[in-house]
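Engineer: Protein chains in written order, with this note's numbering: chain A, 310 to 459; chain B, 6 to 181.
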């Protein structure tokens, strides 16, 4: 059980920094096709911002509710990644061969680009949820009944 | 010259690594390990591997430090002091010998950035030439990771997923 930090400096800085970090994480995630970055790093940055919210504001604060809700998304990232592969199978190609995603009006290279974006989102969700979930497992005891009972 | 940034960074790396091993308190060791990861990420960025530097800075210096600290706070206070037995004689003699052997073998490695080295001449030119035409993705690292080698990436994601599930199963317990 993590209690809120009692320093006003840490609280104000956290209030200001956490949205900036989340924005930067989204930027890294979607800019990964054009520069350094990608799904893994973007997911870790997103997860770390939520971990920072837990560390600064405590488990029960309203700002930590997003992280608590994110715990329910465990496995969603894997579902997206493998689901894109399955869609390629349905389209008549090999597993994860994005050229066989059936989207009308897109040439093959654009389909591959879209497949890369989708799988990167999958990786990001998986990594972010795993980071939050490990932090919750290490720190929370009373919080578990809340999160399992809804 | 080319070594002007590398030498101080590597000295800082060695100092922080040695400090993390030699320091008496586990809390200081964790923070020194975070510093070590940060300097290592600077080294990666200096060598041009910006993606790896990103991961090292975020995971090594940020997330791993938090996880270590949470684990430390979960243990009893008396466990955080270190008792250090003296190193065995075989390690004191054998490990420097191994280091000298590795340094000797490192002379045969190709030069950094050598265009004729096997890693740069076998399949990398194909990726560099074809990837933008194939995937419309300017970053070759991303297109190799997520398209040409996407099955590997998927299995890595499965590994991370499994690690998260295992942590939940092993560590979550009801308040007693």
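Note that CB positions come from ideal geometry on N, CA and C, so glycine has one too.
Using the Cα positions of residue 327 of chain A and residue 359 of chain A, report the straight-line distance between them to the nearest angstrom.
Structural biologist: Position 18 of the first chain holds residue 327 of chain A. Position 50 of the first chain holds residue 359 of chain A. Answer to the nearest angstrom: the Cα atoms are 8 Å apart.
Engineer: Which one of A:413, A:425, A:384 has the shortest CA to CA distance from residue 168 of chain B?
Structural biologist: Here residue 168 of chain B refers to the residue found at position 163 of the second chain. The residue with the shortest Cα to Cα distance from residue 168 of chain B is A:384.
Engineer: Note down the Cα distance separating residue 432 of chain A from residue 390 of chain A, rounded to an integer number of angstroms.
Structural biologist: On the first chain, residue 432 of chain A is found 123 positions in, with the first residue counted as 1. On the first chain, residue 390 of chain A is found 81 positions in, with the first residue counted as 1. Distance between the alpha carbons of residue 432 of chain A and residue 390 of chain A: 7 Å.
Engineer: What residue range is occupied by the uninterrupted alpha helix (DSSP H) comprising residue 124 of chain B?
Structural biologist: Taking the first residue of the second chain as position 1, residue 124 of chain B is located at position 119. From DSSP, the alpha helix (DSSP H) with residue 124 of chain B extends over 123 to 126.
Engineer: So residue 143 of chain B and residue 343 of chain A are in contact, right, with Cβ under 8 Å, and what is the actual spacing, rounded?
Structural biologist: As a first step, residue 143 of chain B must be located in the second chain, where it is residue number 138. As a first step, residue 343 of chain A must be located in the first chain, where it is residue number 34. Going by Cβ atoms, the distance from residue 143 of chain B to residue 343 of chain A rounds to 5 Å, so yes, they are a contact pair.
Engineer: Between residue 152 of chain B and residue 421 of chain A, is the Cβ-Cβ spacing less than 8 Å?
Structural biologist: As a working note, residue 152 of chain B is residue 147 in the second chain. As a working note, residue 421 of chain A is residue 112 in the first chain. In this structure, residue 421 of chain A lies closer than 8 Å to residue 152 of chain B by Cβ.
Engineer: Over the uninterrupted alpha helix (DSSP H) stretch that includes residue 314 of chain A, give me the two end residues.
Structural biologist: Indexing the first chain from 1 puts residue 314 of chain A at position 5. Premise fails: residue 314 of chain A is in no alpha helix (DSSP H) and is neither H nor E.
Engineer: Measure the C-alpha to C-alpha separation of residue 454 of chain A and residue 331 of chain A and round it to an integer number of angstroms.
Structural biologist: In the first chain, residue 454 of chain A corresponds to position 145, counting from 1. In the first chain, residue 331 of chain A corresponds to position 22, counting from 1. Below a pLDDT of 50, predicted positions are generally treated as unreliable, and residue 454 of chain A, at 47, falls in that range; the measurement from the model is reported next regardless. Between residue 454 of chain A and residue 331 of chain A, the C-alpha separation is close to 28 Å.
Engineer: Can you tell which of A:411, A:380, A:381 has its C-alpha closest to the C-alpha of residue 395 of chain A?
Structural biologist: Your numbering for residue 395 of chain A matches position 86 in the first chain. Per the Cα distances, A:411.
Engineer: Could you say if the stretch 92 to 103 of chain B and the stretch 43 to 61 of chain B meet the contact criterion of at least three C-beta pairs nearer than 8 Å?
Structural biologist: Judged by Cβ distances under 8 Å, the stretch 92 to 103 of chain B makes no contact with the stretch 43 to 61 of chain B, as fewer than three pairs qualify.
Engineer: The ligand SAM and residue 333 of chain A: does the residue's C-beta get closer than 7 Å to at least one heavy atom of that ligand?
Structural biologist: By its list of ligands, the structure shown contains no ligand whatsoever, and the ligand SAM lies outside what it can speak to.
Engineer: Nearest to residue 372 of chain A by CA position, among A:312, A:409, A:413, is which residue?
Structural biologist: Indexing the first chain from 1 puts residue 372 of chain A at position 63. Residue 372 of chain A has its Cα closest to that of A:312, out of A:312, A:409, A:413.
Engineer: With 16 as the cutoff for other CB atoms within 10 Å, does residue 430 of chain A come out buried or exposed?
Structural biologist: Walking along the first chain from the start, residue 430 of chain A turns up at place 121. Flag for residue 430 of chain A reads buried.
Engineer: Quick one: Cα of residue 135 of chain B to Cα of residue 404 of chain A, how far?
Structural biologist: Position 130 of the second chain, counted from the first residue, corresponds to residue 135 of chain B. Position 95 of the first chain, counted from the first residue, corresponds to residue 404 of chain A. Between residue 135 of chain B and residue 404 of chain A, the C-alpha separation is close to 21 Å.
Engineer: Counting only the same chain and skipping the five closest in sequence on each side, list residues whose C-beta sits under 6 Å from that of residue 441 of chain A.
Structural biologist: In the first chain, residue 441 of chain A corresponds to position 132, counting from 1. For residue 441 of chain A, where only same-chain residues beyond five positions count, the Cβ hits under 6 Å are 356, 359, 376, 379.
Engineer: Label residue 458 of chain A either buried or exposed according to how many other C-beta atoms from any shown protein chain fall within 10 Å of its C-beta, with 16 as the threshold for buried.
Structural biologist: Looking up residue 458 of chain A in the first chain gives position 149. Residue placement at residue 458 of chain A is flagged as unreliable, the pLDDT there being 46, under the threshold of 50; a coordinate-derived value is accordingly withheld.
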